[in-house]
Each structure stands twice: as C-alpha cells, then as structure tokens.
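Below is one structure, written out as structure tokens; the observations come after it.
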C-alpha cells in the first residue's frame with residue numbers, strides 16, 4: 067500500500083456526512099468495507115462548490131458504527147465545515163490486497179452476464195447494497211437483481227469481462 071503519484075484517485079472511499087468534536091475529525095459514510103481503507107495515506111476531496119483538494123490522512127478509525135477521519139491541515143471545526151458533502155477518493159494502490167473471491171465493484175460493472183449453461187443474460191450495470199450485495203443486470207428493457215453470492219454467481223472472470231449466473235426458477239424473469 068503506497069501512494070503512487072501517477073495513479074489516479076479513482077476509488078471512492080465514501081462521503082463526509084458530519085463533524086465529530088472541535089478538533090478536525092469528520093464522520094464518513096463509507097462506500098467500501100473499512101478493512102480495505104484503514105491504511106490509506108492520501109485522499110482527494112471532491113467538494114461541492116470548490117475545486118478538488120488533495121489531503122494527507124492523519125488518522126482513520128472506527129468508533130462504534132461510525133468511521134472518523136482526520137486530515138492533516140484541517141484542525142478546526144471551521145476548517146472542516148466546508149468539507150461536509152464532499153466525496154473522498156483514494157488510489158487503488160493504497161488499499162489492502164483483495165482476497166481471491168473479492169472484487170472491486172467498479173470492475174464488476176460492465177461485465178457480460180451469462181447463465182452457467184452459456185446463454186447471454188445481459189450486462190452488469192450496478193452493484194446495489196441492500197443488506198446483501200445485488201448485481202443489477204440490464205437485459206434490453208428488463209432489469210434483473212441477482213444476489214451476489216457464490217451459489218448464484220459461481221464464476222467471475224474480470225480479465226474475460228464475464229460472469230456466470232445459476233439460473234434458478236424465477237430469478238431471471
């Protein structure tokens with residue numbers, strides 16, 4: 067996990083949703099699992115009414131169910147009030163390595179979905195979080211939501227730009 071100056075800040079960590087205390091901590095709503103981002107060192111803040119800002123991470127931690135982030139140079143409440151609503155991005159190279167059966171959601175979007183029998187179903191258009199992760203698959207004018215679990219999606223082939231779905235009755239209707 068290192069900061070790579072030429073690598074784009076393309077991985078969305080989350081959004082700043084509030085302030086914690088008086089000394090510069092912000093609350094985040096994560097778009098990823100905390101264990102993926104707990105060692106990030108630098109971020110890019112996509113602000114609502116201002117140009118993007120680069121910042122170094124001073125600390126990031128879980129406190130109860132909240133994620134708290136402190137950025138170097140943002141030490142007072144006044145410094146950080148303008149950051150509320152900002153999306154936070156980092157470089158994939160700063161994230162922990164993925165396990166064998168883990169994928170970046172952004173890498174799943176655009177994959178062509180086939181049944182395990184080889185019939186084309188459609189294209190993954192989004193990954194939806196609703197307690198469980200669901201793959202949203204566009205098939206012409208139809209949209210299917212498929213639970214993203216190994217039993218229903220046994221094959222994910224990122225280099226081949228495809229995945230396979232076990233076509234249980236009613237799943238793709």
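Numbering (my numbering), first residue to last: 67 to 239. Every residue, glycine too, gets a C-beta built ideally from N, C-alpha and C.
Candidates 87, 164 and 156: closest to residue 75 by CA position: Restricting attention to 87, 164 and 156, the CA atom closest to the CA of residue 75 is found in 156.
Neighbour-count burial assignment, residue 231, 16 or more Cβ in a 10 Å radius: Burial call: buried.
Contacting residues, own chain, Cβ-Cβ under 8 Å from residue 154 (five flanking each side not counted): Take residue 154, set aside five residues on each side of it, and the residues of its chain with a beta-carbon closer than 8 Å to its own are 78, 79, 80, 81, 82, 94, 109, 110, 111, 112 and 135, in chain order.
Own chain residues within Cβ distance below 6 Å of residue 120, not counting five before or after: 110
Reduced DSSP secondary structure (H/G/I, E/B, other) of residue 149: coil
Contact under 9 Å by Cβ, residue 192 with residue 186: no
Three-state class that DSSP yields for residue 269 in the structure shown: Shown here, the chain extends from 67 to 239; a query on residue 269 therefore has no answer.
Simplified DSSP state of residue 143, which is helix, strand or coil: The answer is helix: DSSP assigns residue 143 an H, G or I state.
Span separating the alpha-carbon of residue 222 from that of residue 228: 6 Å
For residue 210, the three-state DSSP class (helix, strand or coil): strand
Close Cβ partners of residue 237 (< 8 Å) along its chain, the five nearest in sequence each way excluded: So the qualifying residues of the chain are 210, 212, 218 and 231.
Pair within 9 Å by beta-carbon distance, residue 233 and residue 183: yes
Euclidean distance between Cα positions of residue 133 and residue 115: 24 Å
Span of the alpha helix (DSSP H), counted from its first residue to its last, around residue 172: 171-174
Cut-off 7 Å between Cβ atoms - residues of its own chain near residue 104, not counting five sequence neighbours on either side: 126
Beta-bridge pairing of residue 122 - partner residues as DSSP gives them: 108
For residue 154: DSSP bridge partner residues: 80 and 111
Proximity to residue 164 [Cα-Cα], best of 98, 102 and 85: Nearest to residue 164 by C-alpha distance, out of 98, 102 and 85, is 102.
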